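**Q**
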Amino acid sequence: MAASPPTVVPSSDPALRRALVVVLDGVGCGAAPDTDAYGDTGSDTLGNVARAVGGVALPNLGRLGLGNATAVQGVPPAAHPVGGYGVMLPRSSGKDSTTGHWEIAGLHLDRPFPTYPQGFPPEVIDAFAQATGRPVIANTVASGTAVIAAYAEEQQRTGAWIVYTSADSVFQVAAHEAWIPLDELYRACELARHQLVAPHDVSRVIARPFTGTPGAWTRTANRRDYSIQPPGTTLLDVLEAAGVPRAGVGKVDDLFAGRGIQSRHTHDNAEGVEAIHRWLDTASRGFCFANLVDFDQQYGHRNDVPGFAGALEAFDRALPSLLAALREDDLLFITADHGNDPTTPSTDHARERVPLLVAGARVRGGALGTRETFSDLGATVADWFGQSWRGHGCSFLPELFHT
């Protein structure tokens, strides 16, 4: 793809600018053109959650233009939105966090990562057991809490790994912290990451430690994700080559296998917002890529509709303080990576379009339309930093400013 020249925007030195992308994990906003092909007919995470609880109170997102971009009960269209607003369509194959974040960063996949609705084949399980020196139990599709409840006592008796997956492309390994040391669990997951190559090149290997006793098992905050390496150049690579500082919040560095970014790992949305504040308060320039995971991990995967709605409202209450911390030459982008509609029978991700909101002191309020790929966001960030773009996507930076 030919490089596009950077856009000329008013004043300021691109080297001194800041940009912040906040991904509300799993907060899709309705059907994409190919939603039915993924088995997700009827999914509309944001719209369905709002309807299910009789409307959500999101006045600050509303002022940016959320209700103008997509229908959300309780969030009417703003007469004069102060942000840029629109929606983005997924173009990459798949509907998981890795695929979504990679697409935001300009990288598309031609095929989805492999999934295992019947569990992993014997050659995968046998190789993992042999490499780690422990047997494997479960090897099933299940939620994390359910699989631990079913197999924890067997793990205590046998010392075996609890291996499971979901509708997503993940190889998850659960282990009680008192029975199998954390370091051993992490080493086992690193071994699995090295072993899982094509055709079994799953998106992520996930360490899932837990504690507790029968009837009271609890997953701990010591989760770690081991992602496959991005197979091409991403926005993070472009910014790194240009000397633009990059910081992550949440699991972002895991999703990019640590390439081009390091993250402050967080336990929940509140800690994620705190980490974003810390970056806004201390970073003199550069790019922050943040993931707020509670929508997906705590509520979407558990079909917890009230919890999901409450998390949306909590983020909205936190938003004014983030906006107040923006400097004149800052851009804040709010979006998502896929859907995870807790109102549907499925407990897994959904193929959905995602919201796009942009805030900043110099941003004009107005429609950004329907973007043909999440990658338009990555192209715009590169443009903001004065960098030519060779990835997928087209910058909408000129549409953000008054001419």
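So the sequence shown is residues 0 to 402, counted in numbering that gives the first Met the number 0. Note that beta-carbon positions come from the ideal geometry of N, C-alpha and C, so glycine has one too. Here the structure is a predicted model, which is why all the values come from computation and not from measurement.
Going by beta carbon distance, what residues of the same chain come within less than 8 Å of residue 190, once the five residues before and after it are set aside?
**A** 127, 130 and 131
**Q** For residue 171, which residues of its own chain have a beta-carbon under 6 Å away from its beta-carbon, when the five flanking residues on both sides are left out?
**A** 163, 205 and 207
**Q** Ends of the beta strand (DSSP E) at residue 370?
**A** 365-370
**Q** In whole angstroms, what is the alpha-carbon distance linking residue 141 and residue 294?
**A** 19 Å
**Q** For residue 385, does the three-state DSSP call read helix, strand or coil?
**A** Of the three classes helix, strand and coil, the one that applies to residue 385 here is coil, per DSSP.
**Q** Using a Cβ-Cβ cut-off of 8 Å, state whether residue 79 counts as contacting chain D.
**A** Absent from the structure: chain D. Only one protein chain is present.
**Q** Just the Cα atoms here: how many angstroms apart are residue 304 and residue 271?
**A** 21 Å
**Q** According to DSSP, which residues form a beta bridge with residue 171?
**A** 163 and 205
**Q** Run the CB neighbour count on residue 1, radius 10 Å, all protein chains shown included, and call it buried at 16 or more, exposed below.
**A** Residue placement at residue 1 cannot be trusted, given a pLDDT of 47 that sits under 50; what the coordinates show is reported in the next sentence. Residue 1 comes out exposed.
**Q** Alpha carbon to alpha carbon, how far is residue 64 from residue 179? Give it in angstroms, no decimals.
**A** So the two alpha carbons sit approximately 49 Å from each other.
**Q** Note down the Cα distance separating residue 23 from residue 334, rounded to an integer number of angstroms.
**A** 6 Å
**Q** Could you check which residue in 291, 370, 384 and 125 has the C-alpha nearest to that of residue 245?
**A** If we check each option's Cα against that of residue 245, 384 comes out closest.
**Q** Under 8 Å, with one C-beta from each stretch per pair, do the region 150-164 and the region 110-122 reach the 3-pair mark?
**A** yes
**Q** Please say whether residue 44 and residue 268 have beta carbons closer to each other than 8 Å?
**A** no
**Q** Could you check how far apart the C-beta atoms of residue 395 and residue 379 are, in whole angstroms? I think they sit under 8 Å.
**A** 5 Å
**Q** Thinking just about the alpha-carbon of each residue, which of 302, 255 and 238 is nearest to the one in residue 284?
**A** 238
**Q** What are the start and end residues of the alpha helix (DSSP H) that includes residue 19?
**A** Per DSSP, residue 19 belongs to no alpha helix (DSSP H); it is in the beta strand (DSSP E), 17-23.
**Q** Could you check which residue in 213, 217, 81 and 261 has the C-alpha nearest to that of residue 236?
**A** 261
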